[in-house]
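Please read the structure below before turning to the comments.
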Amino acid sequence: LPASPYDRAIGVLLPAAAFFLSWWQVGRIPAFNLTMSDMIMIVCILLMLVSRGLNARMMGRVSVLWVAGIVMLLGGMLIGSTFHGDFARWPVVSGQYAFALLLIPMVLANCSPHVLHRCAVAYIWGVAVSQAIGVALVNLFSRDMINQYVNKYVVTGNGRLGAFTGEPNSNGAVCVFALIFLLHAVIEKRLRPFVAVPLALVVVAGLVYSASFTAFSATILSIGFVLAFSRIRTVITIALPVVLVVVAYVGLGGPVPAAFEQRVGDAVVSGDPTKAGTFVGRSVLIQEAWQMSGENLLIGLGSDGYRKASVYGMPVHQLYLLVLNEGGIVSFLGLSLMFATMFVQGIFIAVRSRTDGVSALAILGVFFMYAMSLPHMFARMWNGPVMLMFALAATGAGMAALGTSRRPAWPSRAEDPETVRTPEAG
């Protein structure tokens, strides 16, 4: 059967617009945390509801645990908000999480493999374009000029690159996610080397200019993890040239942004994490959150209640402790169940397709690292790439289990990829 007009529209909107623009946080509506990507995603959700509905098995056989974790996470915060008589923020926070962790995965789980691969490639290109623009602005114009004509969040006062995510740590994160997608696409022969290499260089440049110790560490660990479980030929053809280039660049004294040298280089060389940016300041908030958690185990402070209770007037940059204080033990266990569900799903995928499973586990590891160093992560630039990789990996594993070849990389024009139903993962 030919693809319906709805499916064809989704096949264009989802990859070319939604994920290509998913990093554009500076263009959001702040009061609702609504970006251009979100608006397009809502259109895709409506189109899919009209055409064939959503897929509730977004995490395969462990989807029930995934939904239970989300219900516990939001339910604990609801109890806290109601108890403290401050209900205004709960609908906003819960709506953000439900949209990001329920609706979007249900859309992705019902997309064809072809559309998911296009989304992944679009995400890589989107991040690369944003980094190219950001790095060019930093090197060609003064910060005052960038603030006046572009946006004050593109470059921070100390010279770090926020690009169009609006914040250096966020920008570093999207670079890490993009590199994992890029490596996955290269291993699966979805991107040819002459395209992948320039894209990788641009993304790495953006990563360096972001000067984020978390992003730098996440890149080394996640890429190393994927390569460690790859074939020897893949390691030789990808890792060896990268190592040689880095060694040659450092040996020849290649220029490094001052912000990166101060915030990342010193911490790496000395092995002292206290030299990594705001490590000390965040440690103070974590200590305060740990002391407060004993009073909020049964009934939390409610959504955004921590900010009001803290003497510092800001949320702790550690998602688990923040959730424990705002939603009590129920929300804490819900968040833990969600991460455990993703881990189990990653293992299930790896059993069927090692490359897909390892890539999903790698991006989950990055997501977990940021969860340990940031407050609420309902913005789609944080969880969108994670949900996309799991959907992409699940389809790859499903096709591998069915013995279906995933090559050639792109279907011929005679094929209608949008009509292909996604195999059930797990």
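1 is the number of the first residue of the sequence shown in the working numbering; add one for each residue after it. Using N, Cα and C, we set each Cβ at its ideal position, and we do this for glycine too. It should be emphasised that the depicted structure is a prediction, and the values quoted were computed from it without experimental measurement.
Review point. Would you report the Cα separation of Leu140 and Lys152, rounded to the nearest angstrom?
Key: Leu140 and Lys152 have their C-alpha atoms some 16 Å from each other.
**Study point:** Rounded separation between Thr422 and Pro241 - CA only
**Key:** In this prediction, Thr422 scores a pLDDT of 41, lower than 50, which makes its location untrustworthy; the coordinate-derived value is nonetheless stated afterwards. Rounded to the nearest angstrom, the two C-alpha atoms are 36 Å apart.
Point to revise | Terminal residues of the alpha helix (DSSP H) in which Ala68 lies | key: Element bounds for Ala68: 63-83.
Check your understanding: Since Leu161 sits in a beta bridge, which residues does DSSP pair it with?
Key -> Val155
Review point. Grouping DSSP H, G and I as helix and E and B as strand, with all else coil, what is Leu102?
Key: In this structure, Leu102 counts as helix in the three-state DSSP scheme.
Practice item. Consult DSSP for Leu34 and reduce its assignment to one of helix, strand or coil. Key: The three-state reading of DSSP puts Leu34 in strand, counting E and B together.
Practice item. State buried or exposed for Tyr312, treating a residue as buried only when at least 16 other CB atoms are found within 10 Å of its CB. Key: exposed
Review point. Skipping 5 residues on each side, what residues in its chain have a beta carbon closer than 8 Å to that of Pro408?
Key: Low local confidence applies: a pLDDT of 40 at Pro408 is under 50, so the model's placement there is unreliable, with the coordinate-based value given in what follows. Same-chain partners within the cutoff: there are none.
Review point. Any idea if Leu137 is buried or exposed, counting beta-carbon neighbours within 10 angstroms, 16 or more meaning buried?
Key: buried
Review point. Whose C-beta lies closer than 6 Å to the C-beta of Gly334 among residues of the same chain, with five residues either side of it excluded?
Key: Gly69, Met72, Leu73
Review point. What do you reckon, are the CB atoms on Ala163 and Val150 nearer than 8 Å?
Key: no
Practice item. Using beta-carbon positions only, say whether Ala173 and Ile124 come within less than 8 Å of one another. Key: It is not a contact, given that the beta carbons lie outside the stated cut-off.
**Study point:** Rounded straight-line distance, which links the Cα of Gly53 to that of Asp7
**Key:** 11 Å
Check your understanding: Just reading off the alpha helix (DSSP H) that Cys119 is part of, what are its end residues?
Key -> 113-140 is the extent of the alpha helix (DSSP H) around Cys119.
**Study point:** Residue environment, Thr82, which counts as buried when at least 16 other CB atoms sit within 10 Å
**Key:** exposed
**Study point:** Distance between beta carbons of Val330 and Gly76, contact taken as under 8 Å
**Key:** Confirmed, Cβ separation roughly 4 Å.
Review point. Taking the alpha-carbon positions, what's the Phe216 to Pro375 distance?
Key: 19 Å
Check your understanding: Hey, Ser326 and Gly85: beta-carbon distance below 8 Å or not?
Key -> For the record, residue 326 in the displayed sequence is Glu; it is not Ser. Contact: no.
Check your understanding: In angstroms, rounded to a whole number, what distance separates the CA positions of Phe19 and Glu188?
Key -> Straight-line measurement puts the Cα of Glu188 at about 20 Å from the Cα of Phe19.
Review point. For Ile363 versus Ile180, is the C-beta distance shorter than 8 Å?
Key: Closer than 8 Å, so yes.
Review point. With distances taken between CB atoms, is the gap from Ile349 to Ala391 smaller than 8 Å?
Key: no
Point to revise | Same chain, Cβ closer than 8 Å to Leu321, five either side skipped, listed in chain order | key: Ile286, Ala289, Trp290, Ser293
Review point. Skipping 5 residues on each side, what residues in its chain have a beta carbon closer than 7 Å to that of Glu424?
Key: Only weak support exists for where Glu424 lies, its pLDDT of 41 falling under 50; the coordinates are left without a value.
Check your understanding: Going by the CB atoms, is the gap between Ala128 and Ala196 shorter than 8 Å?
Key -> no
Exercise for review: Would you kindly work out how many angstroms separate the C-alpha atoms of Leu361 and Ile299, rounded to a whole number?
Suggested key: 33 Å
**Study point:** Exposure label - Asn296; buried when at least 16 CB within 10 Å
**Key:** buried
Practice item. Determine, using beta carbons only, whether Arg89 and Ser303 come nearer to each other than 8 Å. Key: yes
Review point. Where does Phe229 sit, in a helix, a strand or coil, going by DSSP?
Key: Assignment of Phe229 by DSSP, reduced to helix, strand and coil, places it in the coil class.
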